[in-house]
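Each residue of the sequence shown is one higher than the last, beginning at 1 in our numbering. Glycine included, each C-beta is placed from N, C-alpha and C at the ideal position.
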Amino acid sequence: MNASSLDMMFSNFHFLRPLWLLALIPALLLVTALWRMNERTSAWDRAIDHDLLPFLLDTTKTVAERTPLVLLLSAWTLAIIALAGPVWEKIPQPVQARQDALVIVYDQSLSMYATDYEPNRQVVSKRKVLDILDRRLEGQTGLVVYAGDAHAVTPLTEDSVTIKSLVPSINPNMMPAFGSNAVAAIETAKDMFADAGATSGTIALITDGVERREFSEIATQLAGSGFRLVILGVGTPQGAPIPAAGGDFLRDGQGLVVVPGLDSAALQELANLVNGRYADMQLSSADLDYLLSEDDFLDEDDLSEVDENFDIWYETGPWLLLIVLPLGAMMFRRGWILSVSLLLGSAGLLTPTAPAEAAEWKDLWKTRDQQAEEAMQAEDTMTASVLFEDPNWKGSAAYKAGDYAAAVQAFSSALSTKDPEPHYNLGNALAMSQMFEQAIASYNIAIALQPDHADAIHNREIVQSLLDEQQQENQEEQDQSEGMNSEQQEQSEEQNEESQSEEEQQQEQEQQQEQQEEGEPEMQEESQSEDGQEQSESEEQDEAQNPSQSNAETESQESLEQWLRRIDDDPGELLQRKFQFEYRRRQMESRNSPQPTESQIW
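In structure tokens:
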């Protein structure tokens, strides 16, 4: 080992769990107390001077009695140091990631507004969606919603926090077409798997019914695909009406109130047809425990090593046990039972522990992103913006907190040459920071990456209008300033002419100075009063102009805020606009055949 290696070792040396070193304090106290008890066990201590005892008594036995205490202290110290985790070197550790994929297919037909659950099926089923996302600590997850047509809310991603933030804004009213096209939903889920390169996965269908005429087509879609179907039935067999506008209920073509009930037998038949699973929705987690059980679904192939290495500190503490073991063996002698028991009490804690970084108490149980998610749910967006490590979510939290400068910084660090969303989000943050030209540039990049990005196109038009209006106001202010400068120049010329005439009069007056000594001061006073009057009139004119200028600035600021409020950042509105755009495009391209007219709209 050379000098540089030693320097590196000493510079990197630290304890992973330094608080364990506090356990050395009771060890010292215990050994000290036992040492003193050993010294006072002899009755001669009270009869003979302490300094004479070594010369009068045999001290060999005393030394032998103290040996276990020394061994005890040594073993205890080594054990505590091992528990503290001394490290100075990092080693690469291969990362094994869970590769199983899950796509949640969520029914958003009008029947989800039925009130057989309190308050309705939609609200209760959303909780189940969130429960599924809470379980997805590993693996990729996607979300598809469908009614008369199917749409992807998020592609397959390992960031379930992103999906959870979008779930509350989902509702049947945002769907561009009425109906319940489960076939299109399954096909969209398969496309999502294909885009992510997944050859196997699970489709979790959350619905209150699938029409029987779709069974054979769904079975054909899943046959030999490698994708499994699990179905969660929402609703009760009795059903309930669907509230409509005006306090009425949804009615069919004959004017009868629609009461959609859950046909569990039909959904069970579909699950059996595709070798899947079915469960009725329950208030407990038993339904999800059954549907998403990994005993039968998770294969060994679903776990694979990623092309990444995670450096961990190499703990040398367990090697100290090689020293502790012979010390313990030496203590198995007659008269050392107490020491052995104490040694075992401390060494019994020496269980190998997983490598861990020193962290705050909260970080031991939850990641910073999970803590940030809790802060977002508590509407503490400022705290969430600090805790989030993902730049996209950090920027989103800062944006909601009104800290647009921090949002710009976060989104700027998340820019990608393939993903248009970070550029779009950066454009929104720049626009709210009134950096309109930079915002338009970000929107342009997002549109270049995704030409059909309707939200970026819409917001760019708004910001461009803002920029044009701002430039027009600046031009008007500049013209007004030039006009005021010309007026001031004319006034200055008039004042110069007046002063020149006054100088001529003053010269004439100087010639008659001897005869008009008393009259001249009076003329000077009148001249000064006239000058003061002109100055006060000028100040009053400026004061009269300032309020109008202040009012103009206030009106301009209010107008700017009204424009900025038109920039869409609500996820529900953005999703609705996205779905409408996709639906119109599909209709024009005729990629999806329209749903039959005889199909029910709920």
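Should residue i and residue j be called a contact, given that it needs their Cβ atoms to be closer than 7 Å?
i	j	result
V386	A431	no
T207	G226	no
A152	M192	yes
A204	V230	yes
H453	P422	no
A456	Y404	no
T381	K400	yes
L78	V324	yes
K164	L133	yes
P237	G255	no
Y277	L291	Note that residue 277 is Arg in the sequence shown, not Tyr. Yes, Cβ-Cβ distance for R277 and L291 is below 7 Å.
A414	A406	no
W602	S125	no
L24	I80	yes
Alpha carbon to alpha carbon, how far is residue i from residue j?
i	j	result
D195	D107	22 Å
L143	E373	19 Å
N120	E582	28 Å
Q587	L574	20 Å
E589	F579	15 Å
A286	Y117	18 Å
A147	L16	54 Å
G233	P172	17 Å
S396	T316	43 Å
P352	L6	The predicted model places P352 with a pLDDT of 41, which falls under 50 and marks its position as unreliable, so this point remains unresolved.
E469	F436	11 Å
A429	M376	19 Å
Q595	G224	Annotation note: pLDDT 48 at Q595 (below 50); position unreliable, coordinate value reported separately. Cα to Cα, the separation comes out at about 26 Å.
Q528	S433	Note that Q528 scores a pLDDT of 47, beneath 50, so its modelled location is shaky and nothing firm can be said.
E214	E461	43 Å
S160	T154	10 Å
D100	T220	22 Å
E379	L321	50 Å
V408	L426	6 Å
A189	E476	56 Å
L350	A82	Legend: pLDDT at L350 = 40, less than 50; position of this residue unreliable, value from coordinates given subsequently. C-alpha separation (whole angstroms): 8 Å.
G345	P18	Below a pLDDT of 50, predicted positions are generally treated as unreliable, and G345, at 47, falls in that range; the measurement from the model is reported next regardless. The alpha-carbon atoms of G345 and P18 are separated by roughly 20 Å.
Q438	A446	13 Å
R334	T32	Low local confidence applies: a pLDDT of 45 at R334 is under 50, so the model's placement there is unreliable, with the coordinate-based value given in what follows. Roughly 22 Å between the two C-alpha positions.
L30	T162	54 Å
E187	G197	15 Å
L283	S293	18 Å
W361	K418	For W361, the predicted model reports a pLDDT of 48, less than 50, meaning its position is unreliable and no value from the coordinates is stated.
A354	H14	For A354, the predicted model reports a pLDDT of 42, less than 50, meaning its position is unreliable; a value from the coordinates is still stated below. Between A354 and H14, the C-alpha separation is close to 16 Å.
Q471	S442	20 Å
W20	G139	36 Å
P391	E158	15 Å
P243	N444	43 Å
E526	Q478	Note that E526 scores a pLDDT of 46, beneath 50, so its modelled location is shaky and nothing firm can be said.
Q576	G247	25 Å
T367	E389	9 Å
Q122	D369	28 Å
On a Cα-Cα basis, can you pick out the residue from the options that is closest to residue i?
i	options	result
V257	Y146, D263, A240, D403	A240
A184	A204, A150, S442, V129	A150
Q600	G253, F10, P318	G253
V105	V129, A245, V124, R368	V129
V103	G201, L449, L30	G201
L273	L222, P318, S293, M281	L222
Q402	P326, T383, W35, H458	Residue identity check: residue 402 is Gly in the sequence provided, not Gln. The candidate whose alpha carbon is nearest that of G402 is T383.
L467	Q450, I440, H458	I440
L156	T141, V145, A410, Q480	T141
S216	A27, S180, A271, F249	A271
A450	S416, E269, R584	Going by the sequence as given, residue 450 is Gln instead of Ala. Ranking S416, E269, R584 by Cα distance to Q450 puts S416 first.
M627	I170, R127, V145, P318	Summary: the structure shown does not reach residue 627, with the chain confined to residues 1 through 602, and so no result is reported for it.
M8	K90, N459, A27, T67	K90
Can residue i be considered in contact with the ligand NAP, in the sense that its beta carbon sits closer than 6 Å to one or more heavy atoms?
i	result
R584	Absent from the structure shown: the ligand NAP. Ligands present: none.
Using DSSP's beta-bridge definition, name the partner residues of residue i.
i	result
W313	K90
G148	DSSP lists no partner for G148.
P243	F249
Q675	The requested residue 675 is not part of the displayed model; the chain covers only 1 to 602.
H14	V87
L229	I203
(message) Three Cβ pairs or more, each shorter than 8 Å: is that satisfied between the segment 84-93 and the segment 210-218?
(response) In short, these stretches do not touch, since the Cβ pair count stays below three.
(request) Could you say if the segment 161-176 and the segment 66-77 meet the contact criterion of at least three C-beta pairs nearer than 8 Å? (result) Judged by Cβ distances under 8 Å, the segment 161-176 makes no contact with the segment 66-77, as fewer than three pairs qualify.
(message) Tell me whether the segment 312-328 and the segment 261-274 touch, counting them as touching only if at least three CB pairs, one residue from each stretch, are closer than 8 Å.
(response) In short, these stretches do not touch, since the Cβ pair count stays below three.
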